[in-house]
Amino acid sequence: MEILQQLLSALPGSVSQGLIWGIMAIGVYVTYRILDVADLTVDGSFATGGAVAVVLILDGWNLWLAMLVAFVAGLIAGAITGLLHTLMGIPPILAGILTQLSLYSINLKIMGKANQSINVNKTELLVSLRWVKEFAFHNPIITVGIVLLLLIGVLYWFFGTEMGCSIRATGINQNMSRAQGINTSFNQVLGIMLSNGLVAFSGAFLAQYQGFADIKMGQGAIVIGLAAVIIGEALFGKIFKNFALRLLAVALGSIIYYIVIQAVITLGFDANLLKLLSATIVAVFLAIPYWKRQYAAKHVRRSKGGEKNA
Amino acid sequence: MLDIINVQKTFNPGTVNEKKALNGINLHLDDGDFVTVIGGNGAGKSTMLNMIAGVYPVDCGSIIVDGVDVTKLPEHKRAKYLGRVFQDPMTGTAADMQIEENLALAARRGQRRTLRSGITAKERKEYQELLKILDLGLENRLTAKVGLLSGGQRQALTLLMATLKKPKLLLLDEHTAALDPKTAKKVLDITEEIVAKDSLMTIMITHNMADAIRVGNRLIMMHEGRIVVDVKGEEKKKLTIEQLLQLFEASSGSQFTSDKVMLSK
């Protein structure tokens with residue numbers, strides 16, 4: 064009973080965190096699912112977003128303007144990865160790792176140190192974990208929730224435009240895309256930029272929420288993003304077919320991820336092992352479709368003939 | 013008009029795998045020409061189409077489509093002039109997108125992709141009418157994912173996509189080879205219909221000698237990266253498979269050997 068109470072009392076915090084990371088996970092969805100590229104830049108650009116936002120807010124900038132600059136910083140980080148891949152022929156995963164590593168230095172330079180705190184009592188912020196249980200508009204669940212829905216709306220519109228459709232086509236079939244006159248290199252850069260813009264934007268929210276930006280705040284972010292994408296697809300994939308709903312599923316996946324993590328901690332799981340747990344879950348879920356195919360392949364061989372139609 | 017002037021291509025130069033794929037190709041096509049291409053494995057048929065499409069750069073020579081020198085243009089820029097259908101039905105379409113989305117992508121070939129809507133209501137109606145012509149029942153499945161279609165349906169759709177925006181030149185790379193005979197015939201019929209309707213300048217690679225002779229107004233045969241036989245007009249109409257093989261032996265100095273081609277004659 065007591066545990067249940069603890070869980071319930073932690074729920075608003077988990078949901079807030081889940082929503083903030085949901086924006087990040089949608090960024091991962093853009094590269095991982097739409098572009099079919101696993102982009103590791105996000106571990107760096109997430110912290111870049113947080114660092115940029117905190118430094119600018121401390122400097123007295125308008126909060127939303129600071130968020131916008133954080134978004135642009137993410138776009139630039141993504142552009143670097145995209146160009147490393149398309150102009151220099153570096154495989155996307157390695158290109159992402161290179162950018163991520165460089166961002167470590169850049170983030171240190173932005174903040175001037177490894178950790179920059181920002182106190183909600185002294186500075187006005189958009190979101191803070193202090194407000195998670197307040198029944199008010201500035202409750203992070205409401206603020207981030209509205210922003211998240213707006214973002215989903217904008218992305219839904221964008222991926223329905225001529226440009227957005229051509230990015231989707233690039234992710235599905237590059238040969239076909241080029242044959243239809245689509246500049247696949249340009250589209251890849253654009254997609255990776257958009258993804259990292261969203262990731263940095265999410266980092267900017269998280270830094271305010273937790274009251275500090277940290278050089279390590281993006282560590283393992285890609286795994287959390289993937290976990291959210293995978294959980295969302297596993298739970299809602301069958302019912303959510305529409306693109307906007309699929310993005311919503313990713314955000315819900317992120318919320319569920321944080322609720323589960325909170326539950327596991329409340330139940331007394333060693334918090335030091337959390338990253339191991341996350342990575343294991345992601346590995347298993349990534350393996351399931353592969354295992355399914357292997358199982359299906361064996362099944363075909365056993366059945367008779369199996370005529371393949373043209 | 014298409015002019016291919018002394019195009020050469022060697023893959024993996026300077027290595028043990030060096031392969032001279034094109035050995036100085038010269039070819040001139042007039043508007044409305046429909047050329048069929050046959051030749052054994054490694055004769056350079058697909059390489060020639062890929063050179064025209066810009067999949068790889070040429071070593072030397074030039075390619076001029078409709079008066080525009082495209083030799084140095086990247087693949088996606090040449091697409092403005094070209095319609096392409098590939099051998100593998102998977103290659104020509106985006107499996108995870110809807111039929112209408114695929115068509116809408118093709119309708120914008122050669123245009124800037126803007127922030128306007130990717131597909132309009134007016135287009136949907138047009139596509140429905142166009143798909144009716146194929147007579148494959150696709151007109152009522154506009155929003156179905158292309159991945160759900162059969163190979164023949166995908167090739168027919170790719171053909172429609174390649175010609176939706178009238179290309180200067182249509183490139184068909186053994187586009188019926190992966191289909192069963194009945195479906196292959198159907199797709200070839202659709203091909204002839206579409207090409208005739210807009211009198212499209214077309215190059216079609218095939219491994220079927222009878223088709224190569226029957227279809228189009230010109231036939232070329234390739235061997236070791238060269239065009240060794242070139243038959244046009246009346247002469248082509250009267251051509252038989254035996255004559256074609258004799259022509260090939262006379263000009264290439266070797267027996268025509270390709271199991272795939274021989275078996276399908």
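If you read the sequences in order, they're chains A and B.
Under our numbering, think of the first position of the first sequence as 64, with each following residue one higher.
Under our numbering, think of the first position of the second sequence as 13, with each following residue one higher.
A virtual CB, placed ideally from N, CA and C, is assigned to each residue, including glycine.
Source: prediction; values computed, not measured.
Distance, residue 211 of chain A Cα to residue 14 of chain A Cα: Any property of residue 14 of chain A remains undetermined from this structure, which presents chain A solely from 64 to 373.
Residue-level contact to chain A via CB, residue 104 of chain B, 7 Å cutoff: Closer than 7 Å to some Cβ of chain A, the Cβ of residue 104 of chain B qualifies, so yes.
Straight-line Cα distance separating residue 50 of chain B from residue 34 of chain B: Distance between the alpha carbons of residue 34 of chain B and residue 50 of chain B is about 15 Å.
Nearest to residue 108 of chain B (by Cα), restricted to the options A:127, A:151, A:236: Restricting attention to A:127, A:151, A:236, the CA atom closest to the CA of residue 108 of chain B is found in A:236.
Cutoff 7 Å; reference residue 176 of chain B; Cβ partners in own chain excluding five residues on either side: 115, 118, 119
Delimiting residues of the beta strand (DSSP E) encompassing residue 202 of chain B: From DSSP, residue 202 of chain B is part of no beta strand (DSSP E) but of the alpha helix (DSSP H) over 193-209.
Opening and closing residue of the beta strand (DSSP E) in which residue 33 of chain B lies: 31-41
8 Å Cβ cut-off: residues of chain B touching residue 156 of chain A: Under the 8 Å cutoff, chain B gives no residues; its nearest Cβ is about 22 Å from residue 156 of chain A.
7 Å Cβ cutoff, residue 131 of chain A in contact with chain B: Chain B contact via Cβ: absent.
Distance between residue 192 of chain A and residue 152 of chain B (C-alpha atoms, nearest Å): Those two C-alpha atoms are separated by around 52 Å.
Three-pair Cβ contact test at 8 Å for the segment 81-96 of chain A versus the segment 262-275 of chain A: yes
Own chain, CB closer than 7 Å to residue 242 of chain B, minus 5 neighbours either side, in chain order: 232
Cβ-based neighbour list, residue 279 of chain B, same chain, cut-off 7 Å, excluding 5 preceding and 5 following: No statement about residue 279 of chain B is possible, as the shown extent of chain B runs from 13 to 277 and does not include it.
Buried or exposed by the 16-neighbour rule on C-beta atoms within 10 Å, applied to residue 72 of chain B: Around the Cβ of residue 72 of chain B, a 10 Å sphere holds fewer than 16 other Cβ atoms; the residue is exposed.
Three CB pairs or more closer than 8 Å across the segment 194-201 of chain B and the segment 23-43 of chain B: The answer is no - the segment 23-43 of chain B does not touch the segment 194-201 of chain B, with fewer than three Cβ pairs under 8 Å.
Rounded Cβ spacing between residue 156 of chain A and residue 103 of chain A (contact assumed at less than 8 Å): 6 Å
Backbone secondary structure at residue 370 of chain A - three-state DSSP: In this prediction, residue 370 of chain A has a pLDDT of 46, which is less than 50 and means its spatial position is unreliable; nothing more can be read from the coordinates.
Test item: CB-CB of residue 216 of chain B and residue 181 of chain B under 7 Å: no
Chain A contact for residue 108 of chain B (CB, 7 Å cutoff): yes
Unbroken alpha helix (DSSP H) run spanning residue 88 of chain A, endpoints: 65-92
Neighbour-count burial assignment, residue 250 of chain A, 16 or more Cβ in a 10 Å radius: buried
Paired residues, beta bridge with residue 76 of chain B - DSSP: Under DSSP, residue 76 of chain B takes part in a beta bridge, and its partners are B:15, B:81.
Cβ neighbours of residue 330 of chain A in the same chain (closer than 8 Å, five flanking residues each side left out): 66
Proximity to residue 314 of chain A [Cα-Cα], best of A:204, A:128, A:106: Sorting A:204, A:128, A:106 by C-alpha distance to the C-alpha of residue 314 of chain A places A:204 at the top.
CB of residue 114 of chain A within 7 Å of CB of residue 276 of chain A, strictly: yes
Contact set between the segment 67-100 of chain B and chain A, restricted to residues whose Cβ is under 7 Å from the partner: The residues in question are 87, 88, 91, 92, 96.
Where residue 139 of chain B falls, given that 16 or more other Cβ within 10 Å makes a residue buried: Residue 139 of chain B should be labelled buried.
Between the CA atoms of residue 239 of chain B and residue 85 of chain B - distance to the nearest angstrom: 25 Å
Rounded Cβ spacing between residue 219 of chain A and residue 306 of chain A (contact assumed at less than 8 Å): 6 Å
CB of residue 295 of chain A within 7 Å of CB of residue 312 of chain A, strictly: yes
Amino acids of chain A, ordered along the chain, whose beta-carbon sits closer than 7 Å to that of residue 222 of chain B: Within 7 Å Cβ-Cβ: nothing; residue 222 of chain B doesn't reach chain A, min ~20 Å.
Nearest-angstrom beta carbon gap, residue 82 of chain B and residue 66 of chain B [assumed within contact, 8 Å]: In this structure residue 66 of chain B touches residue 82 of chain B by the C-beta definition: roughly 7 Å separates them, less than 8 Å.
Of the listed residues B:132, B:106, B:183, B:129, nearest to residue 159 of chain B (C-alpha basis): B:106
7 Å Cβ cutoff, residue 127 of chain B in contact with chain A: yes
Residue 121 of chain B versus residue 188 of chain A - alpha carbon distance: 47 Å
Sequence-distant residues of its chain with Cβ nearer than 6 Å to residue 170 of chain A (five each side left out): 110, 111, 114, 278
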